[in-house]
Amino acid sequence: MDTTDVVIAGAGPTGLMLAYELRLAGVEVALLDGLPARTGESRAGGIHARTMEILDQRGLLDDLLPQGRPIQAGHFGGLPLDFSDFNTRYPYTLAVLQSVIERELDRRATELGASVQWGSPVTGFRQDATGVEVEVGGPEGSRRIRAAYLVGCDGGRSTVRKLAGIDFAGTDATVTGMIADVELADPPAQPFFGQRGDAGDFSAVQFEPGWYRLVVQRHDRVLERGAELTFEDFRDNFIELAGTDFGMHSPRWVTHYGDAARQADRYRVGRVFLAGDAAHIHYPAGGQGQNLGVQDAVNLGWKLAATLRGNASDELLDTYETERHPIAARVLHNTRAQTALSRSGPHTDALRDIMSDLIDIDQVRQRLGLMITALDIRYDTKADHPLAGRRVPDADLTTEGGDTRVHALLRSGRPVLLVLGGNDVPAIPQWHDRVEIVTAESRTDRWTIPGVGDIPCPGAALLRPDGYVAWAADDPTTAGLVEALTTWVGAPA
Ligand SMILES: Cc1cc2nc3c(=O)[nH]c(=O)nc-3n(C[C@H](O)[C@H](O)[C@H](O)COP(=O)(O)OP(=O)(O)OC[C@H]3O[C@@H](n4cnc5c(N)ncnc54)[C@H](O)[C@@H]3O)c2cc1C
Numbered sequence: 001m002d003t004t005d006v007v008i009a010g011a012g013p014t015g016l017m018l019a020y021e022l023r024l025a026g027v028e029v030a031l032l033d034g035l036p037a038r039t040g041e042s043r044a045g046g047i048h049a050r051t052m053e054i055l056d057q058r059g060l061l062d063d064l065l066p067q068g069r070p071i072q073a074g075h076f077g078g079l080p081l082d083f084s085d086f087n088t089r090y091p092y093t094l095a096v097l098q099s100v101i102e103r104e105l106d107r108r109a110t111e112l113g114a115s116v117q118w119g120s121p122v123t124g125f126r127q128d129a130t131g132v133e134v135e136v137g138g139p140e141g142s143r144r145i146r147a148a149y150l151v152g153c154d155g156g157r158s159t160v161r162k163l164a165g166i167d168f169a170g171t172d173a174t175v176t177g178m179i180a181d182v183e184l185a186d187p188p189a190q191p192f193f194g195q196r197g198d199a200g201d202f203s204a205v206q207f208e209p210g211w212y213r214l215v216v217q218r219h220d221r222v223l224e225r226g227a228e229l230t231f232e233d234f235r236d237n238f239i240e241l242a243g244t245d246f247g248m249h250s251p252r253w254v255t256h257y258g259d260a261a262r263q264a265d266r267y268r269v270g271r272v273f274l275a276g277d278a279a280h281i282h283y284p285a286g287g288q289g290q291n292l293g294v295q296d297a298v299n300l301g302w303k304l305a306a307t308l309r310g311n312a313s314d315e316l317l318d319t320y321e322t323e324r325h326p327i328a329a330r331v332l333h334n335t336r337a338q339t340a341l342s343r344s345g346p347h348t349d350a351l352r353d354i355m356s357d358l359i360d361i362d363q364v365r366q367r368l369g370l371m372i373t374a375l376d377i378r379y380d381t382k383a384d385h386p387l388a389g390r391r392v393p394d395a396d397l398t399t400e401g402g403d404t405r406v407h408a409l410l411r412s413g414r415p416v417l418l419v420l421g422g423n424d425v426p427a428i429p430q431w432h433d434r435v436e437i438v439t440a441e442s443r444t445d446r447w448t449i450p451g452v453g454d455i456p457c458p459g460a461a462l463l464r465p466d467g468y469v470a471w472a473a474d475d476p477t478t479a480g481l482v483e484a485l486t487t488w489v490g491a492p493a
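Under the numbering used here, the sequence shown has 87 at position 87, and the numbering climbs by one with no breaks.
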C-alpha cells in the first residue's frame, strides 16, 4: 500500500491550492481527481481582492494578473459596488477564467512535486487513531493509500463528505441560471452588458477576444440538478428575455445552476476535513465560491503542516472549522439576500431602489464591499490588539537587505515575526527553527485596516502563514507572544 502525509480528493482550485501549500511546507501529498483529465471548463469568471492578496503572498499572482482584466467595480445583487478606494493593492475584481487559475495553480503545484493523479476517484476511507486508509478507484482497479489526513476538496457533491456522514443542510433552489459560452455574429456594443427583465436577467460578457459568456437568470423556473439544457433551449430562453440572440453560434459550453445554499455542519471528522465546494455551495452571486475555496485551503494547509512537521497541537486543526465555517455561512447568507434582490416585479424593484440609495452611503458600500472581497475577515486569535486576527496590511518596508513589503515576507509559507520601529527582537529561541524573524522600518507611521481606519504601525507582529495577525503589540515583549507562538506555531522546541 502507498503511503503519504495527506490525500487530497479533488484537483479543482481548492485542492490545487491546498496541494501547493502543503508541498511548500515539505508535506507529502497525493492529489487525486476522479476525472480522466482537466475539462478546461470555467464556472468562475473572477477573483476578489483578498484572494489576489493571498496568491500574491505566495508569489502566485504575477503570472496570473496579465491573463485577467481588472474591473473597477463589483456588485451586490446586481447593484454596483465601487471597490476602488479599498486599502489593498488590488482594489478591483480580476476577471479571469477559472480554467486559467486552475492551469496556473496546477503548474505551480506540479513544480513543487504535487502533480494531479487523474482517473483516481476516492471511493471510500477508513480512519483509525494514527491515520486514514483511502480507497481509490480507477480504470486499472482499486488501490489503497494510507495517509495521516484526508481532505475532501471534491466539490458540491463530495463523496468524502457523504462517506464521513457529514450533514449538508440548507435551502433548495428557487431560481435557475443558465450559461452559454458562444461566438456572437452581432455582439452588443459594450464588452460587459446586462439588463433586467420581467422574468429574469440576461447578460453578455466578453472574457476573451472571440467569444462571449451569455447568462440568463430565470426567476420563474427551477431546473432540476442534472436536467439537460441544450443550446437551443438556452437560445430560446435568451431570446424570450432579451428579444435577440446577438447571433449566437458555435457553443463551447452550455450549463445551468441554481441557488441551492447548503453548508457542511462540520468541516472535520477526526482525520478527515472538507474544503471548498465540498463544504459549502451557494448561488454564484458576487462571485465568491472559488475565493472561499482558495482561502479555505490556505487556512488549512499550514495548520496541517504545523501539526505534521512543527509540533503543533491537534487543537490547531480545530481552528480550521471555527475560523472558516462562519465565513462561508456569511457568504450563504449574503447570496440568499442577493438572490432576493435580483428577482423581478414591483416589490423587488422598490427594494432595489432603496438598497441603491443606501449603497450611496459610504459606510454601507464599504460594509458590503469588504464582505464580498473578504478584506474584513477577523479571526479570533485571542490577542488584544486592533490588528489581531485581521489580514496584515501590505505596508512598504525598509530592511537591511533593501526595500520590500509585508506580503512579500510570506512567500516561504512560514510564520514571520516582524519587528518594527527599532524595537528589540523578543527572545524566542525555542521557535527559531520554525519562525522567520524580520526587523524592518515601516515606510508609513500608520497602517490602514479596511473598514476600521488608521492605527499606529505596531512595534511587532506575529504573522501566520496565511497572512493573518496572530499577535501584535505596540511595545513588544515576550508577554503574549510566547502564548501565541505555542498556539499558532507549536510547543517550544
Ligand atoms: C455559474 C457559476 C459561476 C461562478 N462564478 C464564480 C466567480 O466568479 N467567482 C468565484 O469565486 N466563484 C464562482 N463560482 C463558484 C466556483 O466555480 C466554485 O466555488 C469552485 O469551482 C469550487 O472549487 P472546488 O475546488 O472547491 O470544487 P470544484 O471546482 O467542483 O472541484 C472539485 C474537483 O473534485 C473532483 N472530484 C469529485 N469527486 C471526486 C472524488 N470522489 N475523488 C476525487 N476527485 C473528485 C472533480 O472532478 C473536480 O475536479 C461560480 C460557480 C458557478 C456555477
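Even for Gly, the Cβ is constructed at its ideal location relative to N, Cα and C. As the structure is a computational prediction, the values presented were derived from the model and not from experiment.
State yes or no: is the C-beta of Tyr149 nearer than 7 angstroms to some heavy atom of ligand 1? no
Does DSSP put Tyr20 in a helix, in a strand, or in coil? helix
What first and last residue would you give for the beta strand (DSSP E) that runs through Pro251? 248-258
Between the alpha carbons of Leu481 and Leu304, how many angstroms are there, rounded? 22 angstroms
Using a threshold of 8 angstroms, state whether the C-beta atoms of Val272 and Gln117 are closer than that. no
Cutoff 7 angstroms; reference Arg38; Cβ partners in own chain excluding five residues on either side: Glu102
Measuring straight from C-alpha to C-alpha, what distance separates Leu150 and Glu323? 19 angstroms
What is the DSSP secondary structure of Glu441, counted as helix, strand or coil? strand
7 angstroms Cβ shell around Tyr267 - same chain, five flanking residues per side excluded: Phe273, Leu274, Ala279, Tyr320, Glu321, Arg324, His325
Judging by CA-CA distance, which residue of Glu53, Leu64, Gly40, Asp62 is the nearest neighbour of Pro91? Glu53
Could you tell me how far apart the beta carbons of Val96 and Gly59 are, in whole angstroms, since I believe they sit closer than 8 angstroms? Not quite, the Cβ-Cβ distance comes to about 17 angstroms (not below 8 angstroms), so this is no contact.
Leu184: CB within 7 angstroms of a non-hydrogen atom of ligand 1: no
Measure the beta-carbon distance from Val489 to Gly310 and round it to whole angstroms, keeping in mind my assumption that it falls under 8 angstroms. 6 angstroms
Between the Cα of Leu368 and the Cα atoms of Asn334, Leu308, Val205, Asp63, which residue gives the shortest distance? Asn334
Could you give the C-beta distance for Leu184 and Phe246, rounded to a whole number, given that I count them as a contact under 8 angstroms? 4 angstroms
Under a three-way DSSP split, which group does Ser142 fall into? coil
Sequence-distant residues of the same chain with beta carbon closer than 7 angstroms to Ala408, five excluded per side: none
Asp220 by DSSP, collapsed to three states: which one? coil
Using 10 angstroms around the beta-carbon of Asp201, count the other beta-carbons present and answer buried if the total reaches 16, otherwise exposed. buried
Buried or exposed for Asp33, please, with buried defined as at least 16 other CB atoms from any protein chain shown within 10 angstroms of its CB. buried
With DSSP as the reference, label Gly280 as helix, strand or coil. In the sequence as displayed, the identity of residue 280 is His instead of Gly. Strand at His280.
Classify Arg126 as helix, strand or coil using the three-state DSSP reduction. strand
Determine the extent of the alpha helix (DSSP H) in which Trp431 is found, giving its start and end residues. Counting along the chain, Trp431 falls outside any alpha helix (DSSP H), and DSSP gives it neither H nor E.
I'd like to confirm something about Asn334: is its beta-carbon nearer than 7 angstroms to some heavy atom of ligand 1, or not? no
Which class does Thr176 belong to by DSSP, given the choice of helix, strand or coil? strand
Closest Cα partner of Ala49 within the set Ser142, Leu370, Ala493: Leu370
Minimum C-alpha distance to Ala328 - residue among Met355, Lys382, Pro284, Glu315: Pro284
Return the chain-ordered ranges of every beta strand (DSSP E) run that is complete within the stretch 30-74 and spans a minimum of 3 residues. 69-71
Applying the 10 Å Cβ sphere with the 16-neighbour rule, what's the burial state of Val419? buried
Around the Cβ of Glu21, are there at least 16 other Cβ atoms within 10 angstroms (buried) or fewer (exposed)? buried
Endpoints, beta strand (DSSP E) assigned at Trp447: 446-449
Is it the case that the stretch 377-389 contacts the stretch 422-430, given that we only count it when at least three CB pairs across the two stretches are under 8 angstroms? no
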